[in-house]
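Report on one structure; see the data block that follows.
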Amino acid sequence: MRGFFYFCRNMITQKEITLPAYSKGLHIIDRAIESAMDNLPENGLLNIFIKHTSAGLTINENADPDVRADLMKLLERMAPEDAPFYEHTMEGPDDMPAHFKSSVFGPSLTVPVSNHRLNLGTWQSIYLCEFRNHGGPRRLVLTLYS
């Protein structure tokens, strides 16, 4: 019974934020997420969900910007713009490749919270993966389980 009562005292907090438009590429968004969450609890989990099908999220190295450049080069080789076999072309030559890249990376991440901070590794950051040439503002849902 003790576990049940402990579970009932836990809280779920949810907030939706809008990031500004970013250029195509991988962009560190740690600070935007941390500042949106005000005071993080001592322990918990933060789920980050992007409400778009042509952008994604990932956690990767933050020390060497060449990692971001190389990831984008790999993705461009996997899903180039203007490939002749695309059927979904109504929204522009970058749209179908963006849907594919978004599916590869995924729409959500879960990050542990420890000592009132996101518990990322020394060289890790959270990235917005913008796969459109002009994607516009992106909406994120932040759900904190504490």
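Heads up: the sequence shown begins at 105 in my numbering, then just goes up one per residue. Ideal Cβ placement from N, Cα and C applies to all residues, glycine included.
In the structure shown, what three-state DSSP assignment does residue 209 receive? helix
What would DSSP say about residue 144, mapped onto helix, strand or coil? coil
Nearest to residue 128 by alpha carbon, out of 225, 177, 233? 233
Which first and last residues belong to the beta strand (DSSP E) in which residue 119 is found? 116–123
Per DSSP, residue 165 is paired with what? 228
Buried or exposed by the 16-neighbour rule on C-beta atoms within 10 Å, applied to residue 169: exposed
What do you get for residue 179, buried or exposed, if any count of 16 or more other CB atoms within 10 angstroms of its CB means buried? buried
For residue 155, count neighbouring Cβ atoms within 10 angstroms of its own Cβ and tell me buried if that reaches 16, exposed if not. So residue 155 ends up on the exposed side.
In the structure shown, what three-state DSSP assignment does residue 154 receive? strand
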